[in-house]
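Worksheet for the structure shown next.
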Amino acid sequence: MDARDNHYHPQAIEPALQAEWDSANAYCASEDATKPKFYCVSMLPYPSGKLHMGHVRNYTISDVMSRQLRMRGFNVLHPMGWDAFGLPAENAAMKNNVPPAKWTYENIAYMKKQCKAMGWGLDWSREVATCDPAYYKWNQWFFLKMLEKGIAYRKTGVVNWDPVDMTVLANEQVIDGKGWRSGAPVEKREIPMYYLRITDYADELLANLDKMDGWPSEVRLMQKNWIGKSVGAEIHFPYDEDSIGKSGVLKVFSTRPDTLYGATFMAVAAEHPLALQAAQHNAGLTAFIEECKKGGVTEAEMATQEKKGMPTGLFCLHPLTQKKLPIWVGNYVLMGYGEGAVMGVPAHDERDFAFAKKYELRIQQVVSWPQREIPPSPPLSKGGAESGGFADQWQDWYSDDGVAIASEDFTGLTTAQFKEKVGAVLSAIDLGGPRTTFRLRDWGVSRQRYWGTPVPIIHCADCGPVPVPYADLPVVLPEDCVPDGSGNPLNKRDDFLKCACPKCSKPARRETDTLDTFVDSSLYFMRYASAGAPTMVDARNDYWNPMDQYIGGISHAILHLLYARFWTKVMRDMDLLKYDEPFTKLLTQGMVLNHIYLRKNDKGGIDYHAPDSVEAKHDEHGKVAGYVSKLDGKPVEYNGVGTMSKSKLNGVDPQEIVDKYGADSARLFVMFAAPPELTIEWSDAGVEGANRFLNRVWRFVSGVTDVKATFDWKSSDATNQSPVDSGWTPQAVPEGDRDRLKRDLSNIRNARLELHKTLSQATFDYGRAQYNTVVSACMKMLNTLEKVPTDSPAGVALRAEGTSILLRTLYPVTPHITTALWRQVGYEKLHGSLLDAPWPEVAADALQQDEIELVLQINGKTRGKVTVPSKATREEVEELVRADETVLKYVGDATIKKVIVVPGRLVNVVI
RNA sequence: GCCCGGAUGGUGAAAUUGGUAGACACAAGGGACUUAAAAUCCCUCGACCCUCACCGGUCGUACCGGUUCGAUUCCGGUUCCGGGCACCA
120 MDARDNHYHP QAIEPALQAE WDSANAYCAS EDATKPKFYC VSMLPYPSGK LHMGHVRNYT
180 ISDVMSRQLR MRGFNVLHPM GWDAFGLPAE NAAMKNNVPP AKWTYENIAY MKKQCKAMGW
240 GLDWSREVAT CDPAYYKWNQ WFFLKMLEKG IAYRKTGVVN WDPVDMTVLA NEQVIDGKGW
300 RSGAPVEKRE IPMYYLRITD YADELLANLD KMDGWPSEVR LMQKNWIGKS VGAEIHFPYD
360 EDSIGKSGVL KVFSTRPDTL YGATFMAVAA EHPLALQAAQ HNAGLTAFIE ECKKGGVTEA
420 EMATQEKKGM PTGLFCLHPL TQKKLPIWVG NYVLMGYGEG AVMGVPAHDE RDFAFAKKYE
480 LRIQQVVSWP QREIPPSPPL SKGGAESGGF ADQWQDWYSD DGVAIASEDF TGLTTAQFKE
540 KVGAVLSAID LGGPRTTFRL RDWGVSRQRY WGTPVPIIHC ADCGPVPVPY ADLPVVLPED
600 CVPDGSGNPL NKRDDFLKCA CPKCSKPARR ETDTLDTFVD SSLYFMRYAS AGAPTMVDAR
660 NDYWNPMDQY IGGISHAILH LLYARFWTKV MRDMDLLKYD EPFTKLLTQG MVLNHIYLRK
720 NDKGGIDYHA PDSVEAKHDE HGKVAGYVSK LDGKPVEYNG VGTMSKSKLN GVDPQEIVDK
780 YGADSARLFV MFAAPPELTI EWSDAGVEGA NRFLNRVWRF VSGVTDVKAT FDWKSSDATN
840 QSPVDSGWTP QAVPEGDRDR LKRDLSNIRN ARLELHKTLS QATFDYGRAQ YNTVVSACMK
900 MLNTLEKVPT DSPAGVALRA EGTSILLRTL YPVTPHITTA LWRQVGYEKL HGSLLDAPWP
960 EVAADALQQD EIELVLQING KTRGKVTVPS KATREEVEEL VRADETVLKY VGDATIKKVI
1020 VVPGRLVNVV I
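Numbering of the first sequence is given in our numbering, commencing with residue 120 and proceeding in unit increments.
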């Protein structure tokens, strides 16, 4: 770091600075009531082995934000932890025959080293790993609290069952309806599990979304749709002993109770009690119900499968007409949603329409629309097409609101009026009434897996499931098990399994299910804030939270964020914290993708080629015409972009980039490539460009001298020391080019205007976290400063002013190089560390202009520019424009209809 | 299937949210420096037309249509790509 050395060596400056920050605890935050706080968190990573580019992007975004706001005077907390439980550790354990714990802790150690090498200013004193008993004790503690309050409860739930490996499979482990290891067709199976009553909070989770203006609107909309509030009616269809063998009602929920008279059949889920009852004496139906159990449990799979049904032979009565309606079993009816049964209204519901067409069920129109009519079609070949229109093809408007027809007393009512009235009518005859439902389902937290937080329950033959006493927490997970793919290895561990019932002290069996990892990630940001607290949270939690800024992948838009919101509300209701929503602002970052190249081999298989082994061939216009392998020169096929993965050979190891170009170059590129929300496609060429820019910064700042004498940027009257007033006159500019004259940056005033305009843009863009244009602003600053002449005091002064601005503006993105230069130039001795340097201010005098250029449009087409005094009023501008040569030329004999003046921007003359 | 996004030069993108489309870069091409290379610096760079050249013109933000003096931006429709769908995290 010799001041005269003209070369930038990241390998020399980066590790040294990192060690310095480390030993000075430069990023350890403490609660300080004298400053505004800023709590900034990137979603904690899963310790998969090495950092990937997505992590680099995520933590660089939060680091840039944290560093900039610290300069703006905030007390910043930027902590880090590890989402250490989960499936991948079990898979790695099976593959390598090592316990998940060992694998996980080794990964954490390595990745932590990598984090430090990236120069992220993280407060490691608050680090958590969710697999640490001291951490998951609080999962267990709060689970028991929720059990006490009735928020956690036990009921059966449906899981994927691999009948060969005799194990529960995650959705990810079901491929094309088959177990990923056994290849056996997967079945649905019902088992007892614990659930959390998130649906009790559905209304608040929904209502608050409107107020959460720090969240992207699309995320709020996704959550709103996910919660899925539907207002409608519950309708009871009675049945009696004659038709079913016992009397009762078949309950359904409908958002369109106004189509009640159009119900021509009922459909129930395969697991519905009536379906099971009917199947007892019906072998065909039994087989059909068995068939419905095949396949996985995901909604996507359910929704895309072919809609099938079978009549149960049972009937119920229409609550208002007393007509008999056949009850069918339909594979598209979900037991988990509503009542597990629906009324079929084929004329006004697309799904029912398709079902009715397939099984030739009656279609009865009960809504009409002015100027629209469902075209009648021929009667059915079989079944009872008695009346009503019957269209061949579903039209979207069949489900539109309209006016009721063929609906007895309701006929003539609008859809809204009908809905309003029908609830009361149903209530009066005790066959239903108005009702609101949610799509949201309670949160199933039991996992039949080893590597997770043990559910703190003991099963006693006499007492049933008994909570582990609080004093016995945490229930510690044995860390030396190696799963083998055939169920939870805890079931083979007597030292874990065998215990005494806390109630009756008889021998009992410990629960071997573990908690969903979404539980871990619902409280980690509170444990950061209350690091080391002997309670779940302490007063420090209410200092730091609610979090000011949360940053993570858009892929977490629903589940994680919704669960964490719910968890916070439950804690609030137990008086553990004082706020309603955990995340004030949310930034959802895009993914980092890379190109995929492949070649089909002789056997019909696919060989992938690493992007850096592929070369693009260009045609004469510079357009890419094709790709060849650098290894054999033969063509390869381009297969678009995708997430980085080992199998596609398109992963980029951030470590290689750090080793080659340094962390600052990697950080700069990742920030420059795209705004945080957008997907990035990786490009090595871009990293080199970033590195070249940093080299230029190094060379430029190394050439700046006399920073102390000529310009004291920190002095309060800095704006009065405008270099323009310091006696230097602009050099002559070649004749003939007015535009060029205006933009000539060897003119000190122009250059300083440009510098401060750019600073103003950079500051604005920091505020909206658009870091790609922040980097671009820094590049513009350097471009400007490099053109400033060195042969005048004003030029020297401007270069000094510019250097102090550039280093501070660039610092949050590339802290190493800027800190090194800050010292080299001598600012650290003068003004202290860059860590807490004040954010540069835009000098008002630099932005003053006597004349400004407005864009001139004639009829909305750009026809040139007009120069007007910057203080000109709208009327004065209009007057100037009416006299402008260009305007006169275009107007000719025509008359000017009006002149639109957009102050400071443009003038549009309408002819 | 349902919900939410996205699409701008050869490439990544910008346009402070209705006001000059392509800032800032990457790649490419040309030039300077150099014995040479690297590094560095300078110039050109959306398409088409006119022109010796300058000047100038037309088109152009996935596609079709609309609102507006003016649309990458707002509205309706279409196509393709990405994310989520409750046990990947």
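Every residue gets a Cβ at the ideal spot worked out from N, C-alpha and C, and that includes glycine.
Note that this is a predicted model, so its numbers are computed, not measured.
For residue i and residue j, I'd like the C-alpha separation in whole angstroms.
i, j, result
"P106", "A896", "The requested residue 106 is not part of the displayed model; the chain covers only 120 to 1030."
"K899", "Y885", "16 Å"
"D124", "W345", "Residue confidence is low: D124 scores 49 on pLDDT, short of 50, so the model does not pin down where it sits. No coordinate-derived value is stated."
"Q1075", "I936", "With the chain running from 120 to 1030 in the structure shown, residue 1075 is simply not present."
"F812", "N902", "10 Å"
"N279", "S605", "14 Å"
"S755", "R718", "For clarity, residue 755 is Val in the given sequence; the question names Ser instead. Distance between the alpha carbons of V755 and R718 is about 5 Å."
"I493", "N290", "42 Å"
"Q850", "S911", "Confidence is the limiting factor: at Q850 the pLDDT is only 33, short of 50, which leaves the residue's position unreliable, though a coordinate-based value still follows. Near 11 Å, if we compare the C-alpha coordinates of S911 and Q850."
"K370", "A352", "10 Å"
"A963", "R993", "23 Å"
"N814", "N216", "47 Å"
"H950", "L940", "14 Å"
"E390", "S649", "46 Å"
"A422", "V789", "38 Å"
"A208", "I799", "28 Å"
"M184", "P665", "17 Å"
"L288", "K214", "17 Å"
"E598", "D284", "23 Å"
"D836", "T223", "Unreliable positioning characterises D836 in this predicted model, as indicated by a pLDDT of 34, which lies under 50. The coordinate reading is nonetheless provided below. Cα to Cα, the separation comes out at about 56 Å."
"I1015", "E323", "57 Å"
"E139", "S923", "22 Å"
"S506", "Q483", "Any answer about S506 is weak, because its pLDDT of 38 lies below 50 and its placement is not dependable; what the coordinates show is given next. Distance between the alpha carbons of S506 and Q483: 7 Å."
"S487", "E796", "45 Å"
"Q259", "Y669", "25 Å"
"R629", "I270", "22 Å"
Residue i bridges to which residues according to DSSP?
i, result
"T275", "P311"
"K876", "The partner list for K876 (beta bridge, DSSP) is empty, contrary to what the question assumes."
"K617", "R628"
"H578", "P584 and R628"
"C600", "C600 is not bridged to any residue."
"M429", "V448"
"G986", "Note on identity: in this sequence residue 986 is Thr, with Gly being the wrong assignment. E972."
"P1046", "Outside the shown range of the chain (120 to 1030) lies residue 1046, about which nothing can therefore be said."
"R718", "D726"
"Q573", "Sequence check: residue 573 is Pro here, not Gln. Paired residue(s): T633."
"A460", "V387"
Between which two residues does the beta strand (DSSP E) holding residue i run?
i, result
"L266", "Element bounds for L266: not the beta strand (DSSP E) but the alpha helix (DSSP H), P252 to K268."
"N1027", "L1025 to V1029"
"R300", "Looking at the DSSP string, R300 is not in any beta strand (DSSP E), and its letter there is neither H nor E."
"Y669", "Q668 to G672"
"Y158", "K156 to S161"
"M900", "Counting along the chain, M900 falls outside any beta strand (DSSP E), though it belongs to the alpha helix (DSSP H) covering Y890 to E905."
"W663", "No beta strand (DSSP E) holds W663; the alpha helix (DSSP H) holding it covers A658 to W663."
"R815", "Unbroken run through R815 is the alpha helix (DSSP H), D803 to S821; no beta strand (DSSP E)."
Quick one: does the C-beta of residue i sit closer than 8 Å to a heavy atom of the ligand HEM?
i, result
"P392", "The ligand HEM is not among the ligands present in this structure, which contains no ligands whatsoever."
Could you give the C-beta distance for residue i and residue j, rounded to a whole number, given that I count them as a contact under 8 Å?
i, j, result
"Y456", "K426", "Rounded, the Cβ-Cβ distance is 16 Å, inconsistent with contact."
"H675", "A627", "With a Cβ gap of about 38 Å, H675 and A627 do not count as contacting."
"R273", "P584", "7 Å"
"V277", "V368", "With 8 Å as the limit, V277 and V368 do not qualify as a contact, their Cβ atoms being about 25 Å apart."
"L1033", "V932", "The first residue shown for the chain is 120 and the last is 1030, placing residue 1033 beyond what the model contains."
"V587", "V595", "Not a contact, Cβ separation roughly 11 Å."
If I follow the unbroken alpha helix (DSSP H) through residue i, where does it start and stop?
i, result
"M645", "Y643 to A648"
"M693", "Where M693 is concerned, there is no enclosing alpha helix (DSSP H), given that its DSSP letter is neither H nor E."
- Message: Suppose only complete runs of 4+ residues qualify. What are the alpha helix (DSSP H) ranges in the segment 370 to 425, listed by chain order?
- Response: 392 to 398, 402 to 412 and 418 to 423
- Query: What residue ranges within the segment 927 to 973 form continuous beta strand (DSSP E) runs of no fewer than 3 residues, ordered along the chain?
  - Reply: List check, beta strand (DSSP E) in window: nothing returned.
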